[in-house]
Structure formats: C-alpha cells, structure tokens
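*Asks:* Sequence order for the protein chains is A and B. Note that full-length UniProt numbering numbers the first sequence so that position 144 is 144, with each residue one more than the last. Note that full-length UniProt numbering numbers the second sequence so that position 27 is 27, with each residue one more than the last. Glycine included, C-beta positions come from ideal geometry on N, C-alpha and C. In this text, all values refer to a predicted model and were calculated from it rather than measured experimentally. This is the structure, below, for whatever I ask next.
Protein chains: 2
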Amino acid sequence: MSAPIDFSLDNFLPYKLVKTAEHVAGGLARLYEEEFGITRPEWRILATLGNRDGVKAKELSAETSLDKVRVSRTLASLESKGYVCRVRDQNDHRAAYLHLTLKGKELYQRIVPRALEWESEMLAGMSAAQYRDLFKALDLLLAKADGVTPSPL
Amino acid sequence: MSAPIDFSLDNFLPYKLVKTAEHVAGGLARLYEEEFGITRPEWRILATLGNRDGVKAKELSAETSLDKVRVSRTLASLESKGYVCRVRDQNDHRAAYLHLTLKGKELYQRIVPRALEWESEMLAGMSAAQYRDLFKALDLLLAKADGVTPSPL
DNA sequence: TATTGTTATACTCTATAACTATA
DNA sequence: TATAGTTATAGAGTATAACAATA
Chain A
1 MSAPIDFSLD NFLPYKLVKT AEHVAGGLAR LYEEEFGITR PEWRILATLG
51 NRDGVKAKEL SAETSLDKVR VSRTLASLES KGYVCRVRDQ NDHRAAYLHL
101 TLKGKELYQR IVPRALEWES EMLAGMSAAQ YRDLFKALDL LLAKADGVTP
151 SPL
Chain B
1 MSAPIDFSLD NFLPYKLVKT AEHVAGGLAR LYEEEFGITR PEWRILATLG
51 NRDGVKAKEL SAETSLDKVR VSRTLASLES KGYVCRVRDQ NDHRAAYLHL
101 TLKGKELYQR IVPRALEWES EMLAGMSAAQ YRDLFKALDL LLAKADGVTP
151 SPL
C-alpha cells in the first residue's frame, strides 16, 4: 500500500496565483467598469495607448496579451465610444496607427491616478523590498511558464 | 498643463498577476486536460476530495472558489465519468457527502505526483526563502483584495 | 504566398434568477 | 422562511477558422 499523499490545493502555486489574481484584478475591474464605464480589454488598450500613442494593432496585441481578434473588436468599441481614432499607414494600407482622441486622453488622465491609488492601497502592508521581490518572483514564473530559462538572478 | 503620467501596464500589479497566473495555470491545465482528460474545475474538485474525502457540495464550493452552480455541474460530469459518488446525508436529505470512487482515487494518485513534479520544475530557479515570501505576499494581497486587514507579519 | 486586420462560429465561463426538495 | 442543490438563460470571454485587402 502506498503512503498517503500530502497535497492541498490551497498551497499549490497555480491555484494560489489564479485565486489571488482573480480577486485582486476583479476588484480593480469593478472600479473602472462602474466608475468609468469601460471593460477590462478596453482598459488594457487605453492604458497602452496612453503610454505609447500611435502603435499599430499588432503591437497592441503583444503589449496587452489580447489576441488580434479581441484587439480588433475592442478597438471598434473604443472607437465607437470616441476614445480612439485610426490613421491608415500610407506605406502599408492594411495597417493603421492607433491614437487616443482628446476624450480618450482625458479619460486616461482620470483613470490612471485612481488605478495607482488603488494599487498603493492594495500594497499598503507590503515593504518596498517585499514588493520588489514579488515582481521578481512573478517575472521568474512568467519566464519559466513561457519556456524561457532566464539568466540567474 | 499637467505633467505627463508615467504609467506602464507591464509594471502594474493586477496585470502582472493576471498575466502570470494565466501563463502558469494555463500550462498545467494543458497537462491534465491532455494527459488525464479532465477540465480545470474537475481537477479542483478531484484535488479537494483526494485530500478531504466526504465533504459536502457547499464545502467544496468554498474550498475550490467555484460557485455552487459550477460545483453542481462539475460533480455531475465527474460522476458520469465514474470518478465521484454521492451518499445522501440521512439527517438532511437535501445534502450529500461526496466521495472519490476507486477509479477517482486512482486518478488522483496518478495526477498529484505529475502536478507536484510540474510545480517543482516551475519553481526550479527559486530559493526556499523566495518561495515562502512569494506565498506570503500572495496571501497578503488576497486578504487585502477581500477587504480583510490581516494582523501585521 | 505571407501578413494585417475583420468577420463568423462554436465553445467555455460567469452571473443571476427561478426552481425542487427538504429543513 | 431559510437552505442545499439543480436547472435555465443570457452575457462575456476564448479559440479557431475563413475571409478581404494589401504586400
């Protein structure tokens, strides 16, 4: 007879990560859905364009971890809300540069401080060192999960 | 004119968490979907019952972060696959104790070692202290996200 | 032929409410 | 009235494939 296995879901890394991510990101999502009327993918694209205006859809897809289908649909909805406009690339008529409109920039300027405020509340009990180590650990896991073995720290 | 905002999605905690969780948990999910033919919620319930046999659906819901609807449906599919059986509570005929069948226990015994092996590969580059700190940080965030202010570490 | 982006389709997940049978 | 669990339904998210326009 084999020895009983000692395994608890609650101490299992993937479950812990998913649960924490859902609760943390879910709280913020409620904030910008209820307070600013935008969805999660809309927020991701808005955040990216606020930081790097004029990128193309393909780059947006890489930056936001949204596939090209979702980017296309999210851009359509952001455009219909008046937050984003497209400027066709004159050298490659398939693609377009994406820009925030004035209204989009204004929304970005209102959301970011609230998001940062929310983040710092979330991190309130954590030291700067803990925060740095958390990000380091997450980066390590991300790289491992994607099959990249990073150079040692 | 206001100063330009320095904000990058990639350094923003909720995004980082979600992205890491998706990549990490996604890799494992492929493992037990392809190798063992069970879905994520099925795995969560199997893992819980393997550890705490005979709990009721309501407790399963709390343990697995799945709502009662999903628990009910997942139990139905696990039952139809022959991994789980129900024993009505004689004192409360609304509820039932959930048990792994022999086939369910056998599956659990095969999956857990693979899952732990996969986890340790994922944690390979991380020291014991880093691992402990990561879990501590995740617990802290989870408690904060759920609005509980835990006692200081 | 390959690439950018869009449209279509189907499948899963999530959230809610309505329902049953018990208590 | 409240609770354990089920069924029904609609909305959102996800994955894939087919497609149009352009390179």
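For residue 71/B, report the span of its beta strand (DSSP E) as first-last.
*Replies:* That residue, residue 71/B, is in no beta strand (DSSP E); its alpha helix (DSSP H) goes 68 to 80.
*Asks:* Say whether the segment 11 to 22 of chain B touches the segment 38 to 46 of chain B, bearing in mind that this needs 3 or more beta-carbon pairs closer than 8 Å, one atom from each stretch.
*Replies:* No: fewer than three Cβ pairs fall under 8 Å.
*Asks:* On the DSSP bridge list, what partners appear for residue 96/B?
*Replies:* In the DSSP output, where bridge partners are listed per residue, residue 96/B has 88/B.
*Asks:* Cutting at 8 Å between CB atoms, please list the residues of its own chain near residue 110/A, excluding the five before and the five after it.
*Replies:* 36.
*Asks:* Can you list, in chain order, the residues of its chain whose CB lies under 8 Å from that of residue 86/A, leaving out five sequence neighbours each side?
*Replies:* Only 75, 79, 96, 97, 98, 99 meet the Cβ criterion.
*Asks:* What does residue 56/B pair with, by DSSP beta-bridge criteria?
*Replies:* According to DSSP, which records beta bridges pairwise, residue 56/B is partnered with 97/B.
*Asks:* Assuming residue 83/A contacts residue 104/A under a Cβ cut-off of 8 Å, what Cβ separation, rounded to an integer in Å, is found between them?
*Replies:* Confirmed, about 4 Å.
*Asks:* Which of the residues in the segment 7 to 36 of chain A, read from start to end, lie with their CB under 9 Å from any CB of chain B?
*Replies:* From the segment 7 to 36 of chain A, only 7, 8, 9, 10, 11, 12, 13, 14, 15, 16, 17, 18, 19, 20, 21, 22, 23, 24, 25, 26, 27, 28, 29 have a Cβ closer than 9 Å to chain B.
*Asks:* Return the residues of the segment 102 to 132 of chain B that lie within a Cβ-Cβ distance of less than 9 Å from chain A, sorted by chain order.
*Replies:* From the segment 102 to 132 of chain B, only 108, 109, 112, 113, 115, 116, 118, 119, 121, 122, 123, 124, 125, 126, 130, 131 have a Cβ closer than 9 Å to chain A.
*Asks:* Would residue 42/B count as contacting chain A if we go by Cβ distances under 8 Å?
*Replies:* Not closer than 8 Å to any Cβ of chain A, the Cβ of residue 42/B fails to qualify, so no.
*Asks:* Report the three-state DSSP secondary structure of residue 20/B (helix, strand or coil).
*Replies:* Of the three classes helix, strand and coil, the one that applies to residue 20/B here is helix, per DSSP.
*Asks:* Can you confirm whether the segment 109 to 123 of chain A touches the segment 20 to 39 of chain A when touching is taken to mean that 3 or more C-beta pairs between the two stretches lie within less than 8 Å?
*Replies:* Result yes; three or more Cβ-Cβ pairs closer than 8 Å.
*Asks:* Would you mind working out which of 9/A, 118/A, 128/A, 53/A sits nearest residue 29/A, comparing C-alpha positions?
*Replies:* Answer by Cα proximity: 118/A.
*Asks:* Can you tell me whether DSSP reads residue 48/A as helix, strand or coil?
*Replies:* It is helical.
*Asks:* For residue 58/A, collect the residues of the same chain with a Cβ closer than 8 Å to its Cβ; drop the 5 residues on either side in sequence, then sort them by chain order.
*Replies:* If we look at residue 58/A and ignore the five residues flanking it on each side, its Cβ neighbours are 68, 95.
*Asks:* For residue 102/B, count neighbouring Cβ atoms within 10 angstroms of its own Cβ and tell me buried if that reaches 16, exposed if not.
*Replies:* Exposed: under 16 other Cβ atoms inside 10 Å.
*Asks:* By the DSSP assignment, the alpha helix (DSSP H) with residue 124/B in it spans what residues?
*Replies:* Looking at the DSSP string, residue 124/B is not in any alpha helix (DSSP H), and its letter there is neither H nor E.
*Asks:* Alpha carbon to alpha carbon, what distance is there between residue 72/B and residue 49/A?
*Replies:* Straight-line Cα distance between these residues: approximately 42 Å.
*Asks:* So residue 63/B contacts chain A; which residues on that side make the cut at Cβ distance below 9 Å?
*Replies:* 9, 10, listed in chain order.
*Asks:* With 16 other CB atoms within 10 Å as the buried threshold, where does residue 106/B fall?
*Replies:* That one is exposed.
*Asks:* Excluding sequence positions up to five away, which residues of its chain have a Cβ less than 8 Å from the Cβ of residue 123/A?
*Replies:* Once the five neighbours on either side are set aside, the close Cβ partners of residue 123/A are 131.
*Asks:* I think residue 24/B touches residue 17/A, with their Cβ atoms under 8 Å apart; what is that distance to the nearest whole Å?
*Replies:* Yes, they are in contact, since the Cβ atoms of residue 24/B and residue 17/A sit about 6 Å apart, within 8 Å.
*Asks:* Assign residue 83/A to one of three DSSP states: helix, strand, or coil.
*Replies:* Note: residue 83/A maps to coil in three-state DSSP.
*Asks:* Tell me whether residue 107/A sits in a helix, a strand or coil according to DSSP, three-state version.
*Replies:* Three-state DSSP puts residue 107/A in a helix.
*Asks:* Quick one: does residue 146/B have its CB under 8 Å from some CB of chain A?
*Replies:* With 8 Å as the cut-off, residue 146/B counts as an interface residue toward chain A.
*Asks:* Which same chain residues end up closer than 6 Å to residue 88/A when comparing Cβ atoms and leaving out the 5 residues on each side of it in sequence?
*Replies:* Excluding sequence neighbours, residue 88/A sits near 96.
*Asks:* If you measure from the CB of residue 141/A, is any heavy atom of the ligand GDP nearer than 7 Å?
*Replies:* With respect to the ligand GDP, the structure shown offers nothing to examine, as it has no ligands at all.
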